[in-house]
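Heads up, the thing below is written out as structure tokens.
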Amino acid sequence: MSTKSKGLAVLQGKCPQCREGHLFTHGAYNLKNFMKTRTHCEVCNVRFEKEPRFFDGAMYISYAFSVGLFLVSAFIIYAFFHPVSENVYLIAIISEVFLLYPLMFRYARIFYLYIFGGLKYKSELERTENN
Ligand SMILES: [Zn+2]
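Numbering-wise (my numbering), the sequence shown opens with residue 1289 and increments by one.
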């Protein structure tokens, strides 16, 4: 029986329905495969992509992450290192985007699935009763 909280399940990229199965097939910094998303949960077999190209909508969340990262970085550089050349802002933000891209990509999909996937948490007992 999973007693995992929703917050922990989101943080670990777990299935919204069982909070046990993984949404992604590989680790975040497996640079070749970090984007590979399962079509179904490996534990409860629920379908993650409720329609073709479902996860395309996660791009908007990813965009919001990028804008947030840009604003926070620019603020920190300005607050603590001002005055610096514009190149410092550019190099800092570009390297942050490269370093954090796998995490932003994955959390955009995880948030999108939790918000728009229409899946509710069911305990192991509830899942076996319905099958
Ligand atoms: Zn599941």
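Built from N, CA and C at the ideal position, the CB exists for glycine as well.
How is the alpha helix (DSSP H) around residue i delimited, first residue to last?
i     : result
Y1366 : A1346 to F1369
Y1409 : Y1409 -> no alpha helix (DSSP H), and no H or E assigned at all.
Y1395 : E1374 to F1404
With distance defined between alpha-carbon atoms, name the residue in the options nearest to residue i.
i     : options                       : result
I1403 : H1314, E1330 and Y1348        : Y1348
K1408 : Q1305, K1292 and V1376        : Q1305
P1390 : A1297, G1301 and S1293        : G1301
V1328 : G1405, K1292, A1380 and E1417 : The sequence as given places His at residue 1328; Val does not occur at that position. Comparing Cα-Cα distances from H1328 to each of G1405, K1292, A1380 and E1417, the minimum goes to G1405.
F1343 : R1326, N1333 and E1330        : R1326
E1308 : K1320, S1354, N1333 and F1368 : N1333
F1386 : V1298, K1292 and L1319        : L1319
L1299 : I1398, E1417 and R1415        : I1398
S1354 : K1294, I1382, L1296 and G1295 : I1382
T1416 : V1331, E1339, A1297 and H1370 : V1331
Just list the residues that DSSP pairs residue i with in beta bridges.
i     : result
K1302 : H1310
T1325 : F1312
R1335 : H1328
Beta-carbon within less than 7 Å of residue i's beta-carbon, same chain only, minus the 5 sequence neighbours each way: which residues are those?
i     : result
M1289 : Residue placement at M1289 is poorly supported in this model, since its pLDDT is 49, which falls under 50; the coordinates still yield a value, given next. Closer than 7 Å at Cβ, skipping near neighbours: S1411 and E1412.
E1384 : L1357 and S1361
E1337 : T1327 and F1343
K1324 : F1312, T1313 and H1314
So, for residue i: in the same chain, excluding its five sequence neighbours on each side, which residues have a beta-carbon less than 8 Å away from its beta-carbon?
i     : result
Y1377 : S1361, A1362 and I1365
S1350 : M1392, F1393 and A1396
F1322 : F1312, H1314, G1315, A1316, P1390, F1393 and R1394
A1380 : S1361 and I1365
Leaving out the 5 sequence neighbours to the left and right, which residues in its chain are closer than 6 Å to residue i when beta-carbon positions are compared?
i     : result
Y1400 : G1345, A1346 and I1349
A1352 : none
A1297 : R1307
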